[in-house]
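If you're matching positions, the sequence shown starts at 1 in this note's numbering and goes up one per residue.
A virtual CB, placed ideally from N, CA and C, is assigned to each residue, including glycine.
Down below is the structure, laid out as structure tokens.
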Amino acid sequence: MLLVAGVIPNQIWRLLGLWFGSGLDEGSDLLMWVKAVATAILAGVIAQILVQPPGALASVPWGLRYGAVVAGLAAFMATRRSIFAGVVCGEVIMLAGKWWLG
Numbered sequence: 001m002l003l004v005a006g007v008i009p010n011q012i013w014r015l016l017g018l019w020f021g022s023g024l025d026e027g028s029d030l031l032m033w034v035k036a037v038a039t040a041i042l043a044g045v046i047a048q049i050l051v052q053p054p055g056a057l058a059s060v061p062w063g064l065r066y067g068a069v070v071a072g073l074a075a076f077m078a079t080r081r082s083i084f085a086g087v088v089c090g091e092v093i094m095l096a097g098k099w100w101l102g
């Protein structure tokens with residue numbers, strides 16, 4: 001029941017996004033704006049994690065948090081500006097560092 005309640009609402013929006021987005025040009029002003037807003041939201045989340053970490057992230061030392069961001073930024077630049085690669089690299093560094101520190 002929980003799986004159905006979690007999957008159906010998400011899939012509806014994904015299908016609507018595919019349906020509406022199929023006719024849009026990838027270089028259109030609308031999609032460039034959407035990409036800029038999504039990037040700004042991601043930057044805001046990263047800034048919050050650095051300055052005022054919520055919940056369990058508060059137990060992660062500040063040096064590890066900043067180091068993970070630097071590693072993520074380096075991966076972002078090294079992979080021709082791949083946001084996915086930067087986020088994954090930063091997460092892996094933070095999780096590995098937290099595991100290593102105990």
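Grab the span of the alpha helix (DSSP H) containing residue i for me, first residue to last.
i: V92; result: 83-101
Would you mind sorting residue i into buried or exposed? The rule is 16 or more other CB atoms within 10 Å of its CB.
i: I93; result: buried
i: A58; result: exposed
i: R65; result: buried
i: G86; result: buried
i: A75; result: buried
Three-state secondary structure (DSSP) at residue i?
i: T39; result: helix
i: S59; result: helix
i: L16; result: helix
i: L24; result: coil
i: P53; result: coil
i: R80; result: coil
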